[in-house]
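Residues -19 to -1, 1 to 266 (mature numbering (1 follows the signal peptide of the UniProt record, and there is no 0)) are what the sequence shown spells out, left to right.
Using N, Cα and C, we set each Cβ at its ideal position, and we do this for glycine too.
Report on one structure; see the data block that follows.
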Amino acid sequence: MVALALALLLGTLPGPSCEGQTAAGETFPTCFDPGTGWVLGTALRVQDDTAALVVRTGLLVRVDRSSGSKADSLWFDSHRLLMTEAWGGDRQGLTFTAYEGLLRRHVEEGAILVSIGRPRRIPFPFDVALALRAAHLERRAWEGAGWTLETGRVGLLLDPLRTNTEWGWLAVGPAASHALRHAPDGTRNEVSPFTSLLLDAGWETRDGRWALRATGLAGWSFDFDGGAHFRARGEVALEHVLLAVNDAPVFVRLTATGVRNDAGLYRRNEAMLGAGLAVRPFGER
């Protein structure tokens, strides 16, 4: 009931005015798309009482389209390309993700067709989503020669909010992944055959000036030699547009990250806080 109320509220709120006006009568944009554009930013990250400067860049692409198979079906696709973070300090490191995406399908009247015997149509109170990630590399110089590479991850998610806009989502479901941890003594293969639970949730104001995103992963992964371990990680990121320079939004970004049994070559526990500024040129309004 709560999810349904939120979905109805998000779908019926009136859209904001996306134009301001100067005293001379000239108009200027006041709305921005948090999911589109080239991101370039810097931040201060604190981990274990140690601060480090972080540089972050990547490409964001968001596409809304109608399904060719059903008139009342919409696709909300968010893509993140070549996302890179590098930090200095005593614990220098780098992360790089070639691709990460969330493909969410909304149908006005969700249903399941049961074709065993006489075909039956059963109401289905969820949207469906597909979460994908490919080539996520983590390199930590302070751990020595080695790297961690998640070659691929796929999540089959359900969204109880069922909003018909791109401004809010709550997708959760099982995920499968494969990763390599390469150290001087060899390379370990790890696989999670849909034994992990993935969360991807977000909320944005209609004018795009506030954006909140939460992601999480928890479950078991298995080594090829028969070992198993539980791991979990989560991140919350809040963004707020402070100003725009030639229509390019400049925003503050606050993050909190927690990792259990999954950080770096040796599956460390970690907690991090970050705060910084970023610009998103070439983004749509």
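Pairwise C-alpha distance: residue j and residue i
i: residue 160; j: residue 136; result: 15 Å
i: residue 87; j: residue 55; result: 5 Å
i: residue 139; j: residue 83; result: 12 Å
i: residue 108; j: residue 17; result: 23 Å
i: residue 279; j: residue 149; result: Outside the shown range of the chain, which is -19 to 266, sits residue 279, and nothing can be said about it.
i: residue 121; j: residue 195; result: 24 Å
i: residue 42; j: residue 222; result: 18 Å
i: residue -13; j: residue 89; result: Residue confidence is low: residue -13 scores 44 on pLDDT, short of 50, so the model does not pin down where it sits. No coordinate-derived value is stated.
i: residue 114; j: residue 61; result: 9 Å
i: residue 25; j: residue 260; result: 16 Å
i: residue 189; j: residue 201; result: 36 Å
i: residue 248; j: residue 162; result: 10 Å
i: residue 233; j: residue 37; result: 13 Å
i: residue 34; j: residue 69; result: 6 Å
Sub-9 Å separation of residue i and residue j beta-carbons
i: residue 14; j: residue 110; result: no
i: residue 229; j: residue 254; result: no
i: residue 74; j: residue 257; result: no
i: residue 124; j: residue 246; result: yes
i: residue 211; j: residue 241; result: yes
i: residue 29; j: residue 252; result: yes
i: residue 105; j: residue 97; result: no
i: residue 213; j: residue 166; result: no
i: residue 158; j: residue 143; result: no
i: residue 193; j: residue 218; result: yes
Rounded Cβ spacing between residue i and residue j (contact assumed at less than 8 Å)
i: residue 80; j: residue 116; result: 7 Å
i: residue 67; j: residue 127; result: Not confirmed; about 17 Å, so no contact.
i: residue 174; j: residue 19; result: Contact doesn't hold; Cβ gap of about 36 Å is too wide.
i: residue 85; j: residue 31; result: Going by Cβ atoms, the distance from residue 85 to residue 31 rounds to 38 Å, so no, they are not a contact pair.
i: residue 76; j: residue 131; result: That pair is no contact at about 10 Å.
i: residue 197; j: residue 215; result: 4 Å
i: residue 204; j: residue 171; result: 6 Å
Any chance you could list the beta strand (DSSP E) runs of at least 3 consecutive residues sitting entirely within the segment 18 to 84, in chain order?
18 to 28, 31 to 47, 54 to 68
Write down every uninterrupted run of the beta strand (DSSP E) in the segment 85 to 137 whose length is 3 residues or greater and which is fully enclosed by it, in chain order.
92 to 95, 101 to 104, 108 to 121
Could you pull out every unbroken beta strand (DSSP E) segment of at least 3 residues lying fully inside the segment 209 to 252, listed in chain order?
209 to 226, 229 to 244
Determine, using beta-carbon pairs with one atom in the segment 150 to 157 and one in the segment 170 to 184, whether at least three such pairs fall under 8 Å.
yes
Beta strand (DSSP E) segments (min. 3 residues) lying fully within the segment 154 to 208:
167 to 185, 191 to 204
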